[in-house]
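Heads up, the sequence shown stops at 618 in numbering that gives the first Met the number 0, and the numbers go up one at a time, no gaps. Every residue, glycine too, gets a C-beta built ideally from N, C-alpha and C.
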Amino acid sequence: MLELDEMTAQSDLILDLQTLNQISQTLNQSTDVHTALNTSLAQLVDLMGMETGWVFVREEAATDRWAGRGFRLAAHYNLPPALALTNPDAWDKNCDCQALCRDGQLTGAYNEVRCSRLGSVDGQRNGLVVHATTPLRAGDRVLGILNVAAPAWSAFTPRSLTLLSTVGSQMGIALERARLFDALQEQRIHEQATLLDLSQQLLSRRDLDDLMAFLVAEVRSLLAADACAVLLTGDEPDTLIFRAASGWLGDPVGEGYRVPADDSTGSGQVMRTQSVLLLEDLSRQDPPLWTPEWLAREGFRAAAIVPLVANGESIGALVIDSRQPRRFSEVEVRLLRLMANQAALAIEKARLHHAELQRQRIEEELAVGRSIQRSMMPAQTPQLPGWQFATDFEAARQVGGDFYDYFLLPGEPGRWGLVIADVSDTGVPAALFMALSRTTIRNLALRGRAPADVISWANRFIQEDSQSDMFLTVFYAELDTRDGRLTYANAGHNPPLLWRAATGAFETLDTTCPLLGVLPELDVQVLQTILHPGDVLVLYTDGITEAFDGDYNEFGRARLEQTIGDLLAQRPAATAADVQTAITAAVRDFIGRAVDSAGVLDEQPDDMTLLIIRRGENQ
């Protein structure tokens with residue numbers, strides 16, 4: 000008989016273990032805690048040989064229909080008609096097991112002699128009058144109550160109570176896991192909502208200063224920090240500049256404070272590693288970080304420093320400071336990372352927007368400058384019987400330092416002043432210097448000054464009025480269209496080419512004095528020549544001969560002469576405009592690029608200017 004009892008006990012034990020294993024798997028594997036509680040409850044009731052059971056979850060602020068003073072009916076199995084969910088009297092009232100739980104007396108499996116709930120409801124109860132109860136425990140926290148009902152108290156054996164207690168612990172752990180998961184989900188939802196709002200706020204701000212001011216204020220508020228700052232890279236590659244700050248006693252932005260972008264500073268370290276740096280107590284930092292007097296006055300004791308990374312490149316750091324030692328949680332660090340990623344993208348977008356606005360502003364200013372510059376050059380070439388004029392000007396940048404000019408001189412009719420000049424720079428400064436030089440030379444010539452005086456006086460005025468280190472080369476000539484006499488002075492300019500129709504050979508109008516703007520006084524030599532019928536005079540700046548191809552070979556004077564000579568050999572009657580077109584086409588073909596829509600030659604170091612004059616055959 001004893002052996003039979005032992006075998007029965009072993010069989011019961013095996014059955015209990017199998018059921019407990021099933022219940023454990025149900026509770027651990029299910030993603031729906033409600034379904035898991037109902038399934039495991041049914042398994043427990045069947046194992047214990049009972050008829051029904053139910054589970055309360057403790058919920059102090061419960062608003063559920065079946066809630067009663069801090070408890071919510073979370074699971075049930077095979078309820079009798081008297082305990083039907085449709086019966087409000089069955090579940091709206093308190094009961095003894097809930098009172099025990101609230102008072103802290105429900106410490107283990109408990110065989111309750113009478114059930115106040117079963118005893119007070121009307122209707123068919125299937126003979127149930129008592130239930131056993133056990134707390135759903137997770138550590139020191141009681142999360143709910145597990146009840147299994149029976150017709151008599153004798154139905155609950157020590158075995159069944161032990162089983163009930165074990166299942167209650169498993170359910171408690173499952174509830175705690177679900178609670179933590181829900182809390183994590185809520186935290187994630189909160190983080191996502193926070194990040195979405197932050198991202199929208201940041202991306203809506205196109206002004207960089209406004210964006211960063213909002214960022215530091217928002218981060219400081221979200222993390223309840225004493226101070227927050229943004230440091231960005233600037234013109235100096237090894238330095239970070241304060242661009243925004245909140246909560247500081249001083250004004251690091253207004254004072255222009257900078258910190259080294261190296262390992263002596265926390266910001267420098269995160270720039271290099273692109274990892275978050277947590278400093279819980281700066282007084283114990285070994286080795287100590289770089290701390291200038293202005294930073295020591297702030298009294299910071301802890302910091303979290305997060306890299307700002309855009310397109311894989313470190314652009315700065317977000318610094319969160321505390322004046323007390325502080326340990327930043329994993330949630331805070333994760334949130335900081337995500338916020339820093341959003342901030343870096345917004346900062347980079349704002350920077351690009353600012354750069355684009357700057358580019359547009361410069362483009363607009365240069366367009367105005369280009370228009371003004373071109374307006375200072377003659378709008379039309381002279382239309383003189385027996386003479387042809389052609390010009391071309393192409394800037395290396397939007398505006399340049401080259402210029403040409405021609406104007407009717409006072410006195411005897413038929414005398415024209417001719418100018419081509421090249422300032423020793425490009426861009427806006429050269430254009431301004433060009434305007435000064437052009438006005439000076441023209442005014443001197445129109446006052447009747449001889450070529451030597453025009454050059455020497457222009458040199459003197461430019462030296463006195465100009466505060467820059469620029470200089471210019473100038474070829475100035477007087478052309479008498481009646482007889483073709485050309486009287487000229489060449490102040491360091493590229494020697495113009497004179498193609499003789501009679502011989503097909505070239506002559507050069509060489510330099511007669513140094514360039515303008517270097518020496519206080521010039522000894523100017525004046526020379527003369529005659530443009531005979533059919534002759535072609537080509538005035539050019541060094542942007543023509545020094546234009547380079549993809550291999551940085553120069554176009555050179557030899558190619559210029561060949562271009563002119565080949566054209567005139569093939570077409571002896573070619574016009575001045577034909578000569579200009581041929582030269583321009585040859586240069587463009589050589590360099591392999593054409594001018595852009597603004598008339599700017601891509602990547603060329605200097606402006607290109609041409610002034611072509613041809614005397615008619617019958618003159």
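Query raised in the report: Hey, out of 85, 47, 147, 258, whose CA is closest to residue 54's CA?
Result: Taking the first residue of the sequence shown as 1, we reach residue 54 at position 55. Taking only the C-alpha atoms, the option nearest residue 54 is 147.
Query - Reference residue 124, options 86, 134, 107, 140, closest by Cα - result: If you number the sequence shown from 1, residue 124 lands on position 125. Closest by alpha carbon: 86.
Report task. Using three-state DSSP, classify residue 471 as helix, strand or coil. Result -> One-based indexing of the sequence shown puts residue 471 at position 472. In the structure shown, residue 471 sits in a strand (DSSP, three-state: E or B).
Query - First and last residue of the uninterrupted alpha helix (DSSP H) at residue 47 - result: Translated into the one-based positions of the sequence shown, residue 47 becomes position 48. From DSSP, the alpha helix (DSSP H) with residue 47 extends over 32-47.
Query - Bridge partners - residue 240, DSSP secondary structure assignment - result: Here residue 240 is taken as the residue at index 241 of the sequence shown, counted from 1. In the DSSP output, where bridge partners are listed per residue, residue 240 has 231, 257.
Query - Extent of the continuous alpha helix (DSSP H) to which residue 213 belongs - result: For this step, residue 213 is matched to residue 214 along the sequence shown. Per DSSP, residue 213 belongs to the alpha helix (DSSP H) from 207-221.
Requested in this report: From the DSSP output, read off the bridge partner residues of residue 312.
Outcome: Residue numbering aside, residue 312 sits at position 313 when the sequence shown is read from its first letter. In the DSSP output, where bridge partners are listed per residue, residue 312 has 309.
Query raised in the report: Between residue 494 and residue 486, which are expected to be in contact by the criterion C-beta below 8 Å, what is the C-beta distance as a whole number of angstroms?
Result: On the sequence shown, position 495 is the one that residue 494 refers to. On the sequence shown, position 487 is the one that residue 486 refers to. Contact flag wrong, Cβ pair sits at about 16 Å.
Query raised in the report: Hey, quick one: how far does the alpha helix (DSSP H) through residue 410 stretch, first residue to last?
Result: Looking up residue 410 in the sequence shown gives position 411. Residue 410 -> no alpha helix (DSSP H), and no H or E assigned at all.
Query raised in the report: Quick one: what's got a C-beta closer than 7 Å to residue 264's C-beta in the same chain, skipping five residues either side?
Result: For the purposes of this step, residue 264 is taken as residue 265 along the sequence shown, with counting starting at 1. Cβ neighbours of residue 264 beyond the five flanking positions: 258, 288, 289.
Query raised in the report: residue 50 by DSSP, collapsed to three states: which one?
Result: Locating residue 50 in the sequence shown gives position 51, where the first residue counts as 1. DSSP places residue 50 in coil when its eight states are reduced to three.
Query raised in the report: Mind pulling the alpha helix (DSSP H) runs of 4 or more residues that sit fully within the stretch 80-109?
Result: 87-90, 95-101
Query raised in the report: Which one of 505, 512, 541 has the shortest CA to CA distance from residue 567?
Result: On the sequence shown, position 568 is the one that residue 567 refers to. That would be 505, whose Cα lies nearest to the Cα of residue 567.
Requested in this report: Give the single residue among 218, 222, 271 whose Cα lies nearest to the Cα of residue 238.
Outcome: Taking the first residue of the sequence shown as position 1, residue 238 is located at position 239. Selected option, being the one with the closest Cα: 271.
Query raised in the report: Residues bridged to residue 527 by DSSP?
Result: If you number the sequence shown from 1, residue 527 lands on position 528. Answer by DSSP bridge pairing, in chain order: 486.
Requested in this report: Flag this pair as touching only if the stretch 571-590 and the stretch 605-615 have three or more C-beta atom pairs under 8 Å; answer yes or no.
Outcome: yes
Query raised in the report: Taking Cβ positions, are residue 77 and residue 38 nearer each other than 7 Å?
Result: Position 78 of the sequence shown, counting from 1, holds the residue named residue 77. Position 39 of the sequence shown, counting from 1, holds the residue named residue 38. Cβ atoms of residue 77 and residue 38: not closer than 7 Å.
Query raised in the report: Cα separation between residue 223 and residue 292?
Result: Stepping through the sequence shown from its first residue, residue 223 is reached at position 224. Stepping through the sequence shown from its first residue, residue 292 is reached at position 293. Between residue 223 and residue 292, the C-alpha separation is close to 26 Å.
Query raised in the report: Is it true that the CB of residue 275 sits closer than 7 Å to the CB of residue 305?
Result: Position 306 of the sequence shown, counting from 1, holds the residue named residue 305. Position 276 of the sequence shown, counting from 1, holds the residue named residue 275. Yes; because the gap between Cβ atoms is below 7 Å, this pair is in contact.
Query raised in the report: DSSP beta-bridge partners for residue 547?
Result: Indexing the sequence shown from 1 puts residue 547 at position 548. Its beta-bridge partners are 553.
Query - 6 Å Cβ shell around residue 593 - same chain, five flanking residues per side excluded - result: Counted from its first residue, the sequence shown places residue 593 at position 594. Low local confidence applies: a pLDDT of 43 at residue 593 is under 50, so the model's placement there is unreliable, and no value is given.
Requested in this report: Would you mind stating whether residue 309 and residue 343 have Cβ atoms separated by less than 7 Å?
Outcome: Position 310 of the sequence shown holds residue 309. Position 344 of the sequence shown holds residue 343. Yes, the pair counts as a contact, with Cβ atoms nearer than the cut-off.
Query raised in the report: Apart from the five residues on each side of it in sequence, which residues of its chain come closer than 8 Å, Cβ to Cβ, to residue 517?
Result: By one-based count along the sequence shown, residue 517 stands at place 518. Answer for residue 517: 470, listed in chain order.
**Report entry** Range covered by the alpha helix (DSSP H) that runs through residue 505
**Finding:** Your numbering for residue 505 matches position 506 in the sequence shown. Per DSSP, residue 505 belongs to no alpha helix (DSSP H); it is in the beta strand (DSSP E), 505-507.
Query - Same chain only: Cβ atoms within 7 Å of residue 273, ignoring 5 sequence neighbours per side - result: Here the question's residue 273 lines up with position 274 in the sequence shown. Correct list, in chain order: 306, 308, 313.
Query raised in the report: Excluding the five sequence neighbours on either side, which residues of its own chain have a C-beta within less than 7 Å of the C-beta of residue 214, listed in chain order?
Result: Sequence index remark: in the sequence shown, residue 214 carries index 215 (1-based). Within the same chain, residue 214 has close Cβ partners 201, 229, 243, 342.
Query raised in the report: Helix, strand or coil: how does DSSP classify residue 293 here?
Result: Indexing the sequence shown from 1 puts residue 293 at position 294. Residue 293: helix per DSSP, three-state reduction.
Query raised in the report: Out of 489, 524, 585, which has the shortest C-alpha to C-alpha gap to residue 561?
Result: Position 562 of the sequence shown, counted from the first residue, corresponds to residue 561. Nearest C-alpha to residue 561: 585.
Query - Proximity to residue 346 [Cα-Cα], best of 232, 533, 74 - result: To locate residue 346, count along the sequence shown from 1; it is residue 347. Considering only alpha carbons, the answer is 232.
Requested in this report: Could you round the C-beta distance between residue 413 and residue 484 to whole angstroms and report it? I think they count as a contact, below 8 Å.
Outcome: Counted from its first residue, the sequence shown places residue 413 at position 414. Counted from its first residue, the sequence shown places residue 484 at position 485. Not a contact, Cβ separation roughly 10 Å.
Query raised in the report: Where does residue 607 sit, in a helix, a strand or coil, going by DSSP?
Result: Stepping through the sequence shown from its first residue, residue 607 is reached at position 608. Strand at residue 607.
Query raised in the report: What do you reckon, are the CB atoms on residue 434 and residue 443 nearer than 7 Å?
Result: Locating residue 434 in the sequence shown gives position 435, where the first residue counts as 1. Locating residue 443 in the sequence shown gives position 444, where the first residue counts as 1. Not a contact, by the Cβ cut-off of 7 Å.
Query raised in the report: Excluding sequence positions up to five away, which residues of its chain have a Cβ less than 6 Å from the Cβ of residue 590?
Result: Numbered from its first residue, the sequence shown carries residue 590 at position 591. Excluding residues within five positions, the ones whose Cβ falls inside 6 Å are 546, 548.
Requested in this report: Kindly give me the distance between the Cβ atoms of residue 137 and residue 171, rounded to whole angstroms, as I take these residues to be in contact under 8 Å.
Outcome: Residue 137 sits at position 138 when you count from the first residue of the sequence shown. Residue 171 sits at position 172 when you count from the first residue of the sequence shown. Confirmed, about 4 Å.
Query raised in the report: So, using beta-carbon positions, are residue 354 and residue 210 closer together than 7 Å?
Result: As a position in the sequence shown, residue 354 is number 355, starting the count at 1. As a position in the sequence shown, residue 210 is number 211, starting the count at 1. Their beta carbons are not under 7 Å apart, which means residue 354 does not touch residue 210 by this criterion.
Requested in this report: Take residue 105 and list the residues in its own chain whose beta-carbon comes closer than 8 Å to its own, dropping the five residues that flank it on each side.
Outcome: The residue given as residue 105 occupies position 106 in the sequence shown. Here the set comprises 96, 99, 132, 133, 134, 141, 144.
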